[in-house]
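Right, one structure below, let's go through it.
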Amino acid sequence: MKLILDPAQAMLAKTASDFANKHDPVDRQRQLRNDKSELGYSPAVWSEMADLGWTGIPFAEDLGGLGMGMAEAVLISESMGEALAPEPFISAVIFAGSLIEALGTTEQKQAWLQPTIEGQKRLAVAHQEQATRFDPAHCTTTAEQVDGGWRLTGTKAHVIDGYDANGWVVAARTSGGDRDEDGISLFIVAAGANGATCTHQARVDSRNASTLVLAGAPGELLGGVDGGGPALSEAIDRATVALCGEMLGMVREAFERTIEYLKTREQFGAKIGTFQALQHRAAEMFVEIELCKSVVMGAARTLDEDGDVSNRIAQVANAKARCSDTVILVTNEALQMHGGVGMTDEYDIGLFMKRARVCELTFGDASYQRNRFAKAQGF
Amino acid sequence: MKLILDPAQAMLAKTASDFANKHDPVDRQRQLRNDKSELGYSPAVWSEMADLGWTGIPFAEDLGGLGMGMAEAVLISESMGEALAPEPFISAVIFAGSLIEALGTTEQKQAWLQPTIEGQKRLAVAHQEQATRFDPAHCTTTAEQVDGGWRLTGTKAHVIDGYDANGWVVAARTSGGDRDEDGISLFIVAAGANGATCTHQARVDSRNASTLVLAGAPGELLGGVDGGGPALSEAIDRATVALCGEMLGMVREAFERTIEYLKTREQFGAKIGTFQALQHRAAEMFVEIELCKSVVMGAARTLDEDGDVSNRIAQVANAKARCSDTVILVTNEALQMHGGVGMTDEYDIGLFMKRARVCELTFGDASYQRNRFAKAQGF
Amino acid sequence: MSDLETFRSETRSWLEANAPDALRGKRNDPEAVPWGGRNPNYKYPECADWLDLMAAKGFTAPTWPTEYGGGGLSREEASVLDQELMDLELPPGLTGFGLSMIGPTLLQYGTDQQKQEHLPNITGGKIRWCQGYSEPNAGSDLASLASAAVRDGDEFVINGQKIWTSGADHADCIFMLTRTETSGKKQAGITFILVDMDQDGVEVRPILLVSGASPFCETFFRNARAKVSNVIGEINGGWTVAKALLTFERNMIGGMAAARTSLPDLGAEYLGRNDDGSLADPILRDEIAQMEMDALSFGLTVQRNADAVKSGKQPGPESSMFKYYGTELNMRREQLMLSIREQQGLGWEGDGYSTDELVQTRAWLRSRGNSIEGGTSEVQLNIISKRVLGLPG
Amino acid sequence: MSDLETFRSETRSWLEANAPDALRGKRNDPEAVPWGGRNPNYKYPECADWLDLMAAKGFTAPTWPTEYGGGGLSREEASVLDQELMDLELPPGLTGFGLSMIGPTLLQYGTDQQKQEHLPNITGGKIRWCQGYSEPNAGSDLASLASAAVRDGDEFVINGQKIWTSGADHADCIFMLTRTETSGKKQAGITFILVDMDQDGVEVRPILLVSGASPFCETFFRNARAKVSNVIGEINGGWTVAKALLTFERNMIGGMAAARTSLPDLGAEYLGRNDDGSLADPILRDEIAQMEMDALSFGLTVQRNADAVKSGKQPGPESSMFKYYGTELNMRREQLMLSIREQQGLGWEGDGYSTDELVQTRAWLRSRGNSIEGGTSEVQLNIISKRVLGLPG
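Going down the list, the sequences are from chains A, B, C and D.
The first sequence begins at 5 in my numbering and counts up one residue at a time.
The second sequence begins at 5 in my numbering and counts up one residue at a time.
The third sequence begins at 28 in my numbering and counts up one residue at a time.
The fourth sequence begins at 28 in my numbering and counts up one residue at a time.
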């Protein structure tokens, strides 16, 4: 793999960044919060993104997609991270969309993937439960066959962008014990189905991550029975790398703003950027961010080019751990270097810090990823 | 407990520091190394220390001791750390001596403790074996009763100051499995006994930590059968705290020399102590060293005043973990701030760095101590 | 029975007889602690009585002299009082910047008249104070402040702006630094003065923080007035007074790191335990142990310092260490608690989160300011390197 | 078969036919690598033949132009050559500062005549080089160097002292920085010159290090002489050349972090494994994972930079990042290896330690200098903050 953007990718990156940055983007995020938007994003902007083709980036052209890969998807999420854009690109396109494309029947693709690409519908993935410490194999929600159909029972937690979705891809157990990797099947549960209740919940970043209560709700099987685990795991990896792209955009933006502040703010009769202690900390952040750029590129290209599962896991775990650590480091340092003003609600840095914490924990924190990396590498 | 020196302790600290610092102390350490002294210390200086009463510090006055406690013992080891004095105060007085005083019969005290106090004999403790990761309960050396006496078989590793000792206190298994805390008994094996071979080994700090091979060597029981574990554990704690005192002396001295260097060395047309990045790192070290002072005092006084085992373990584990981390931090930073000259053999900082690494790992590194602390606190 | 034990049993009896039932068990409820002032607004009406009862005994300022409404107690007795309050889970009788900051400063630098005028109003909870130090262009570089005080007869006329004035929207009076001389060394033209905020020339605007709360304000002065007799220390000599007060402030903020929620218990709740009782996540267990050990070490250091002060040592610039390490400790602790709670620690609102979880999200956000307020961590490290270690430049 | 695969199979055949048996499997033995020079001293006599064989093929400097004895290979081909050497566990044909430092500098800044005079002697291993940069009072602040070079006809006469001259006791020639102008900006009076060390005016004294080895020397110049034609770049313009060379040095030292011993294997040996194959110590396992991930991330960054350079990007001050992170990585790795080996990692001599263990103690000590030599970590951070981030002051 080559760790460099080709001309088409460079152009896509520029278009994405231009789009995400127009109209005072961070202010838009603050406005959504102040309006207590339950959706947490703007349907109008989402629709524009669909018009630009972003919703079809990774999908085959015969489905209406652009036939690109994760190398391109991370350019989109990176630009959204720069602007703190909250639209459901990762949850609906990369996460749910990948599962439908990988496992769906022709009918399921027509029913869910094409409308996703067109920006008309979106699914959210309900794969987690409470207190399962990021482990996707830890699944207690069950699915039973009743009268030729499937009925799902259990509570899924932290369903990203789950509120007001048109349906959910739900992981449920069809055999095995609570923590077995085998025996998990995937189902599509349509919004409005009897026995499916999704309650709104806001996180510290003002986006929604919902609880989905299933009380015998009807689900449509996606893929084979008992074999959903590996596909789910790969889809999580794709969503994770897209999230790494978002974190990279965030750290780049928060860092740039901080460097700018260091060059203008004066204390003790000098620009604070002349203080060597701050200079060294800034230089250390620069190095960490350069590493982040490399691991995001590396992980995205590995997903596109390499079929080896343990190599895939190692690259993805590495990227997520590093981006998690760096997004916390850089947003904390940004706040500290901005001083008191950084703590105020009217200043943007706080919004980056809040979103950073959510990203850090989504799809597993650094400690979880180190464990996963070690397992994949056989130690 | 009060965390302050009383006037008598303050005077003892001053006497000890004055003694340890006379005659270019660090040069003495270098000379012993260059002479390839197998003993690793100077018997003449050791004899002077005995004359000053240091060898009797913690022992009851009716045995010829000074009747003091660990609060005083750490003042001695701290001054020895300042000067990198390699005499066997911790191994012979605090570690072996404590075991004889706690468990010995009147005859054993006469045979071993009184000559220790007089500076005539010394014992070393052989409690460890290879690859036991600091766990004193992991003991495979066995003791069997033969013709009314005990015969010991096994190999003890890393016996501190073991070479040329007059005898060894050996931990051997008399019942239970390899890692059981119960079933360990302690024995005195005299130097020259048939079947006891101690081979000289030098560590990176030029001191000796020997291998003791026991092939049916005769041993004299110290304390009760099977019950040596708790006494051994307490003696290790006492020796650990004395070692924390030594580390405190080392960090204080290495730090002082570094601050002095920062105030005199010039680069880029200025004293390097004016560079804020170095100033902040120095200030952070200052804080860590202040914490070390407190934990050494706290742990020593807890051993003297508090009978509660889990509190004792928590205080000792805390002191050792912190001093281990700090001695590595401060000696590494001292080297870095001294630049190239610090890397040369003729400069003292390297000697501190080498001894620091040995201290860090003796009686358990910081990670081992955190585990021990957590266990003692029930989590 | 020793004198101390007598004091303990008498105090215990008095507390049991007099403390309002409504406040028992409320020690950890921030809204149960009286802040006093001209217009107090209490969640529990009993707070007003509690304040008066405690003040009458001198228990709002236990170690201050009795002539100013203090308790005249020794440190040991004050500590016994605190233990007994804790045992009954009772809040203190009063809190605020009068007790923790301007009071100690007046005791050290005030004239007899100033002490008599202000200290009884502090111990009695009659006047609530706030601090006017930072300005928009004088944060870490405090001495470059610009708010002007111009002499007009026996008054000063004040114009300018303060920021980060903690609790200014509830305060009656402000102790503030003003510029009374613009030439010469900037530290040498500062005057420390007390200003009544109940006048037209003072306007207060709360600042909304990332945590969603507004503990700080911007405070504007437009021809506000204060008597010259309210200058503490010399005119143009306020910097000395200001530094002494900063020491009190650092001690207060550094001391906030006191343990609340037990981390091992929190770990057991969220991570579970292995058969041998150890927490099920070995990495988080290790981090919790490190945190507990750091807190133990810090506590021992606070105690060592207190023991040294008791035996005559003067507090010096090393108090910067307490501010620095105490706040960093608190911030690391809040971050670790989030890691333990995992995604449950991310909640802002909704049924999926417990009250504890929602409170902690905000506490974490609030904690991010600890290393900025009261002198940034960087300023504390500067003080240590220059004034303790004597490094040049 | 692609051209590259053809090259691979031809190279493989050639190596298998020609490489001395005595050197196979010796890739990790530092003493099996030829350093060349006028008076080489080899542990394995076959090293001399190996050097000549490889030099004749241009394989000592695979990517250099063939006219100077290089191989004229593409980066991809050079990489294939390296892989095949690794597969056969063969050492490279030559190593040293000629190849890694002065050679690339001459290729960039040398005149045609200088290239023709010196480069073939480098690729052929005829001349061994060392570097004369640091002086006792010019460490991190390199530009304040004082060693004087005074013009005398078509020669310079050199007086002064260099320190940290790596391998000077085995070197034939030295490339050094001298002061040729004492007034004006200190960077503007420096001249970069090549000096033959085989003359009376040059004296070398090895420096004993904490590791017990003497890889560095002090080098004294007393009326030593060098031809003016051996000045690289302009007289008084040596600083530009010096900085370019520092980039090569940083890349070399940063690149030393390449993995050798596998940490997971070392962990398995010293810590054991659980039934599920995981290392028995969860904390060290976590640290090993962090280390492996840092190394992977660094490797990806080196690759990303190489890919960018290949597509036309000029190397800039961000190369400081590679020196900084690469050396810090290497030092942390050595420390971690000691922690894994526990007390077995403390050995200096004696039967109780394996050769690997004794070697590693010394490697750890040696590694402590990585963040000092070739520009300290602090200097690299300064470069990044000023020249990459554009911070003022």
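C-beta atoms are modelled at their ideal positions from N, C-alpha and C, and glycine is treated no differently.
Not flagged as an interface residue toward chain D: Ile-262 of chain C, since no C-beta distance is shorter than 9 Å. Cβ proximity to chain D below 8 Å picks out nothing from the stretch 284-295 of chain B.
The contact set of Trp-191 of chain D on chain B, defined by CB atoms closer than 7 Å, consists of Gly-344 in chain order. DSSP, reduced to helix, strand and coil, places His-145 of chain C within a helical segment of the structure shown.
Around the beta carbon of Ala-100 of chain A, 16 or more other beta carbons sit within 10 angstroms, so the residue counts as buried. Contact between Ala-287 of chain B and Leu-273 of chain C is ruled out by a C-beta separation of about 17 Å, above the 8 Å threshold.
Counting only unbroken stretches of 3 or more residues, the beta strand (DSSP E) elements lying wholly within the stretch 142-182 of chain B are 146-150, 153-164 and 171-177, in sequence order. Rounded to whole angstroms, the separation of the alpha carbons of Ser-81 of chain A and Gly-181 of chain A is 36 Å. The three-state reading of DSSP puts Arg-65 of chain D in coil, since its state is none of H, G, I, E or B. DSSP places Leu-121 of chain D outside both helix and strand once states are collapsed to three, so it counts as coil. When 8 Å is used as the limit between beta carbons, Gln-124 of chain B is near no residue of chain A, the shortest such separation being about 52 Å.
Residues of chain B with a Cβ closer than 7 Å to the Cβ of Ile-234 of chain D are, in chain order, Thr-348. Within 9 Å of the CB of Arg-312 of chain D, the CB atoms of chain A belong to Arg-374, Asn-375, Ala-378 and Phe-383, in sequence order along the chain. For Asn-397 of chain C, no alpha helix (DSSP H) run applies, since DSSP gives it neither H nor E. Counted as a single uninterrupted DSSP element, the alpha helix (DSSP H) harbouring Leu-103 of chain B occupies residues 102-107. At a cut-off of 9 Å between beta carbons, Gln-280 of chain B contacts chain A.
Ala-105 of chain D has a beta carbon lying at 9 Å or more from every beta carbon in chain A. Here Gln-33 of chain B is buried. Its C-beta has 16 or more other C-beta atoms within 10 Å.
Close to chain D, meaning a Cβ-Cβ distance shorter than 9 Å, are the following residues of the stretch 318-329 of chain A: Ala-318, Gln-319, Ala-321, Asn-322, Ala-323, Ala-325 and Arg-326. Nearest C-alpha to Ser-238 of chain D among B:Glu-65, B:Gly-346, B:Tyr-45 and B:Ala-378: B:Gly-346. In terms of beta-carbon proximity, Asp-209 of chain A lines the interface with chain C, with at least one pair separated by less than 9 Å.
Counting only runs of 4 or more residues that sit fully inside the stretch 55-121 of chain A, the alpha helix (DSSP H) segments are 74-86, 102-107 and 118-121, in chain order.
The beta carbon of Gly-233 of chain A lies closer than 7 Å to those of Ala-141, Glu-185, Asp-186 and Ile-188 in the same chain, with the five residues before and after it left out.
In terms of Cα proximity to Leu-115 of chain C, the closest of C:Arg-51, C:Ala-59 and C:Thr-90 is C:Arg-51. Not a single C-beta of chain B is nearer than 9 Å to the C-beta of Ser-338 of chain D. Within chain C, the residues placing a beta-carbon under 9 Å from that of Thr-215 of chain A are Gly-377, Asp-378 and Gly-379, ordered along the chain. Minimum Cα-Cα distance from Ala-87 of chain B among the listed residues B:Lys-379, B:Arg-361 and B:Ile-353 corresponds to B:Ile-353. A distance of 9 Å or more separates the beta carbons of Gln-381 of chain B and Ser-328 of chain B. Under the criterion of beta carbons closer than 8 Å, Leu-121 of chain C and Thr-87 of chain C qualify as touching, at roughly 4 Å. In the DSSP assignment, Ser-171 of chain C falls outside any beta strand (DSSP E) and carries neither an H nor an E. Comparing C-alpha distances from Gln-158 of chain D to each of D:Ala-335, D:Leu-236, D:Glu-400 and D:Val-184 shows the shortest one belongs to D:Glu-400. Taking a contact to require three or more Cβ pairs closer than 8 Å, the stretch 385-394 of chain D and the stretch 307-324 of chain D do not qualify as touching. Around the C-beta of Gln-283 of chain A, 16 or more other C-beta atoms lie within 10 Å, and the residue is accordingly described as buried. Under the Cβ criterion of 9 Å, Ser-371 of chain A is counted among the residues facing chain D. Under the Cβ distance rule, Pro-291 of chain D does not count among the residues neighbouring chain C, no pair being separated by less than 9 Å. Runs of the beta strand (DSSP E) lying entirely within the stretch 183-208 of chain C and spanning at least 3 residues, in chain order: 200-206.
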